[in-house]
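Trainee: Would you mind keeping the following structure in view while I ask a few things?
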DNA sequence: AGGCAAATTTAGCCCTATCTAACCCTAAAT
DNA sequence: ATTTAGGGTTAGATAGGGCTAAATTTGCCT
């Protein structure tokens, strides 16, 4: 199947938004994610439906078909492998890899994918701790850890994933010692979703508004693998 | 200036074809190079002229403006850096890098370009021996060596550049020991452009039709740097 | 000089992806 | 059950890049 870059972007967006809460994905959510207007999304959804890449119920949102999910996973695999490669071999900082990977992910061959994966020794997570889909593109149910907002106050946890994309926010977090692998003490979880924590070894603390905290997943040291 | 991939491809094509014989580049030559029809080329040439990237005389072909040449050199620099990187660091064979670089060249950032160049220690030639434009994108007059067809019979020369793009032909040449850096004895130069030669250390010989020989440049060992 | 073949441009159409404006459906609230 | 706010869809336009068929220009050959 010959898909345009743009179609791949839509499928990837639907995949990511579905991950959010595993429900039907709404037109407006896709529009916001891709920074286009909703009529544009509607017309693209029609095309994706024609190609059996999504299931659509008018006015009620869409879900990926198996085939659509495979395409999305391929794109996500490319993206995360590239992020890993750029940080490991080209001296990029984890905070700046997203944009570059976003442009390259549509333009690499299977051959390139394979060689990058080999150079990295078949990695399983990217620099943000997000799982890299396996080469067979089987849907992974392997969300690592839990949202930091589900912690109890006083918990000590290991940061598993920081899935934000904004370089400024990522730099800020790194400056405060908040990176995958780091041990963290959760100081406060406010009812409106704000989380305050302190990284092991740092005596400063960070407060994270809900929309930042949402992207951070952690695990108890016990469950650390 | 915001240019589409396609416009970059046209400028690159014009640049390469101009290199051929430094004359005005004709519509049909571009059409063949890019595998589109000539009306398509004409309409794109109008757009490139509107943007002052080419000088055009209707019915008589085009040349690049200084600005157009800079864009072309940027694309060529990306292309050749990528070819070098793929062979040096990702285990590609020189015969297969062209296609991959052709797709990626439009999608890498200046940052990526700089880091790849640094990883390669600012290389000056790509795996085919073609010069990589410098970061300042000054027009290089630095064609290395001379066309193999200008050799005398019996000359012993060093292969400087093999500028073909066809993986099959490149593999064939490599199988016969004909790669940049190799010492070669020119056995025969036929009037219709066919060149027969034998690589140092190999006792087999290769015969190259004019359209293959045209892409091979050599230098006398004396002038070898 | 005249004529002709080949190359170029013009004309007119298509497809993709996007937009704005206008209309319509859903769901929540009364 | 009705209303209504707000998101979703339809309609119609635009811009980019491509094609075929029909003119037009060039330049070569006699």
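Protein chains in written order, with our numbering: chain B, 1 to 225; chain C, 1001 to 1225.
Even for Gly, the Cβ is constructed at its ideal location relative to N, Cα and C.
At the level of alpha carbons, what is the spacing between residue 108 of chain B and residue 16 of chain B?
Mentor: Looking at the two C-alpha atoms, the distance is approximately 21 Å.
Trainee: Comparing the C-beta of residue 100 of chain B with each C-beta of chain C, is any distance below 9 Å?
Mentor: It does: the Cβ of residue 100 of chain B has a partner Cβ on chain C nearer than 9 Å.
Trainee: If you count every other CB in all the chains shown that lies within 10 Å of the CB of residue 1012 of chain C, and 16 or more means buried, which is it?
Mentor: With 16 or more Cβ atoms within 10 Å of its Cβ, residue 1012 of chain C is classed as buried.
Trainee: Please give the ranges of any alpha helix (DSSP H) in the segment 1051 to 1131 of chain C, keeping only runs that are unbroken, at least 4 residues long and fully inside the region.
Mentor: Complete alpha helix (DSSP H) runs here, min 4: 1066 to 1089, 1097 to 1104, 1110 to 1119.
Trainee: Taking the straight line between their C-alpha atoms, what separation do you get for residue 5 of chain B and residue 139 of chain B?
Mentor: Each residue's Cα considered, the two are about 21 Å apart.
Trainee: Taking one C-beta from the segment 1025 to 1036 of chain C and one from the segment 1075 to 1092 of chain C each time, how about it: are there three or more such pairs within less than 8 Å?
Mentor: Because the criterion of three Cβ pairs below 8 Å is not met, the segment 1025 to 1036 of chain C and the segment 1075 to 1092 of chain C do not touch.
Trainee: If distances are taken between C-alpha atoms only, which option among B:47, B:191, B:204, B:53 comes closest to residue 210 of chain B?
Mentor: Considering only alpha carbons, the answer is B:191.
Trainee: Considering residue 1186 of chain C, what are the terminal residues of the beta strand (DSSP E) in which it resides?
Mentor: Element bounds for residue 1186 of chain C: 1183 to 1189.
Trainee: Establish whether the CB of residue 1036 of chain C and some CB of chain B are separated by less than 9 Å.
Mentor: With 9 Å as the cut-off, residue 1036 of chain C does not count as an interface residue toward chain B.
Trainee: Let me know the secondary structure DSSP gives residue 1216 of chain C once reduced to three states.
Mentor: The answer is strand: DSSP assigns residue 1216 of chain C an E or B state.
Trainee: Under a Cβ-count criterion, where at least 16 other Cβ atoms within 10 Å of its own Cβ denotes burial, should residue 43 of chain B be classed as buried or exposed?
Mentor: Exposed, because fewer than 16 other Cβ atoms sit within 10 Å of the Cβ of residue 43 of chain B.
Trainee: Hey, would you say residue 84 of chain B sits closer than 9 Å to residue 126 of chain B, going by beta carbons?
Mentor: Yes; because the gap between Cβ atoms is below 9 Å, this pair is in contact.
Trainee: Taking Cβ-Cβ distances shorter than 9 Å, what residues in chain C pair up with residue 91 of chain B?
Mentor: Under the 9 Å cutoff, chain C gives 1115, 1118, 1119.
Trainee: Under a CB-based cut-off of 9 Å, is residue 132 of chain B close to chain C?
Mentor: By this cut-off, residue 132 of chain B is not an interface position.
Trainee: Give the interface partners of residue 107 of chain B over in chain C, defined as CB-CB distance under 7 Å, in chain order.
Mentor: Going along chain C in sequence order, the residues near residue 107 of chain B (Cβ under 7 Å) are 1103, 1104, 1107.
Trainee: Measure the CB-CB distance between residue 1151 of chain C and residue 1195 of chain C and report whether it falls below 9 Å.
Mentor: It is a contact, given that the beta carbons lie within the stated cut-off.
Trainee: Should residue 1059 of chain C go down as buried or exposed, given a rule of 16 or more other Cβ atoms within 10 Å for buried?
Mentor: Residue 1059 of chain C comes out exposed.
Trainee: Once DSSP output is grouped into helix, strand and coil, what is the label at residue 36 of chain B?
Mentor: If DSSP states are grouped into helix, strand and coil, residue 36 of chain B belongs with coil.
Trainee: From residue 1117 of chain C to residue 1077 of chain C, what distance separates their C-alpha atoms?
Mentor: Distance between the alpha carbons of residue 1117 of chain C and residue 1077 of chain C is about 10 Å.
Trainee: Tell me which residues of the segment 181 to 214 of chain B have at least one Cβ-Cβ distance to chain C shorter than 9 Å, keeping chain order.
Mentor: The segment 181 to 214 of chain B vs chain C, Cβ under 9 Å: nothing.
Trainee: Which same chain residues, not among the five before or five after residue 1146 of chain C, have their C-beta less than 8 Å away from its C-beta?
Mentor: Here the set comprises 1217, 1218, 1219.
Trainee: Can you find the residues in the same chain that come closer than 7 Å, C-beta to C-beta, to residue 1080 of chain C, ignoring five residues on each side of it along the sequence?
Mentor: So the list reads 1126, 1130, 1132, once near-sequence residues are dropped.
Trainee: Since residue 1166 of chain C and residue 1186 of chain C should fall inside the 8 Å C-beta cutoff, what is the C-beta to C-beta distance between them, to a whole number of angstroms?
Mentor: Their Cβ separation, rounded to whole angstroms, is 22 Å, which puts residue 1166 of chain C and residue 1186 of chain C out of contact at 8 Å.
Trainee: Can you tell me whether residue 1168 of chain C is helix, strand or coil according to DSSP?
Mentor: Residue 1168 of chain C falls in the helix class under three-state DSSP.
Trainee: When you compare the CB of residue 111 of chain B with every CB in chain C, is at least one pair closer than 9 Å?
Mentor: Yes, because at least one Cβ of chain C sits closer than 9 Å to the Cβ of residue 111 of chain B.
Trainee: Start and end of the beta strand (DSSP E) containing residue 198 of chain B?
Mentor: Note, residue 198 of chain B: beta strand (DSSP E), 195 to 199.
Trainee: On the three-state DSSP scale, how would you describe residue 1161 of chain C?
Mentor: Looking at residue 1161 of chain C - three-state DSSP - the assignment turns out to be strand.
Trainee: Is there a C-beta anywhere in chain B that falls below 9 Å from the one on residue 1086 of chain C?
Mentor: Closer than 9 Å to some Cβ of chain B, the Cβ of residue 1086 of chain C qualifies, so yes.
Trainee: Does the beta carbon of residue 1096 of chain C sit closer than 9 Å to a beta carbon anywhere in chain B?
Mentor: Chain B contact via Cβ: present.
Trainee: Kindly indicate the opening and closing residues of the beta strand (DSSP E) around residue 236 of chain B.
Mentor: A question about residue 236 of chain B goes unanswered here, because the residues of chain B that appear run from 1 up to 225.
Trainee: In this structure, does DSSP put residue 147 of chain B in helix, strand or coil?
Mentor: It is a strand residue.
Trainee: Which partner residues of residue 1027 of chain C appear in the DSSP bridge assignment?
Mentor: None; residue 1027 of chain C has no bridge partner.
Trainee: Checking the sheet assignment: what are the DSSP bridge partners for residue 156 of chain B?
Mentor: B:185.
Trainee: Given a threshold of 16 other Cβ atoms within 10 Å of its Cβ, counted over all protein chains shown, does residue 1052 of chain C qualify as buried or as exposed?
Mentor: Flag for residue 1052 of chain C reads exposed.
Trainee: Please classify residue 1175 of chain C: does DSSP put it in a helix, a strand, or coil?
Mentor: The answer is helix: DSSP assigns residue 1175 of chain C an H, G or I state.
Trainee: Alpha carbons only, please: which of B:75, B:189, B:170 is nearest the one belonging to residue 8 of chain B?
Mentor: Ranking the options by Cα distance to residue 8 of chain B, first place goes to B:75.
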